[in-house]
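Mapping the sequence shown onto full-length UniProt numbering, position 57 (from 1) lands on 57, and the numbers just tick up by one.
Even glycine gets a Cβ: it sits at the ideal position worked out from N, Cα and C.
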Amino acid sequence: MSMFISKELHAVKASRRRFDIAKRKSDLTTQQLKLNSKLLIASPVGILTFFSIGAYKGATTDSPPSRRRQAILIFLRSTLMKFLS
1 MSMFISKELH AVKASRRRFD IAKRKSDLTT QQLKLNSKLL IASPVGILTF FSIGAYKGAT
61 TDSPPSRRRQ AILIFLRSTL MKFLS
């Protein structure tokens with residue numbers, strides 16, 4: 001092969017290796033982000049935050065009893081999911 005073709009083929013292979021490395025790092029980072037998000041949401045602070053937001057929405061809406069029930073159900077569901085996972 002000519003010198004130019006082999007140089008270009010080498011550049012293509014090097015680019016492919018860099019792409020594969022970047023893809024692997026991206027996949028690992030995405031998995032870590034998902035895990036950290038689950039841990040944050042399932043933490044006591046996360047559960048309390050979502051419960052507080054629901055309670056605030058329930059207190060400021062026209063139909064508070066239904067919103068309060070919804071907030072309590074979300075709180076219980078989140079707590080249950082934390083213990084099951």
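Close beta carbons around residue 50, own chain, < 7 Å, minus the five adjacent residues each side: 74, 78
Residue range of the unbroken alpha helix (DSSP H) whose run includes residue 20: 3-42
Residue 55 and residue 71 closer than 7 Å at C-beta: yes
Distance, residue 31 Cα to residue 8 Cα: 35 Å
CB contact below 7 Å: residue 68 versus chain C: Chain labels in this structure do not include chain C; a single protein chain is all it has.
Backbone secondary structure at residue 60 - three-state DSSP: helix
Residues near residue 82 by beta carbon distance below 8 Å, same chain, minus five either side: 42, 47
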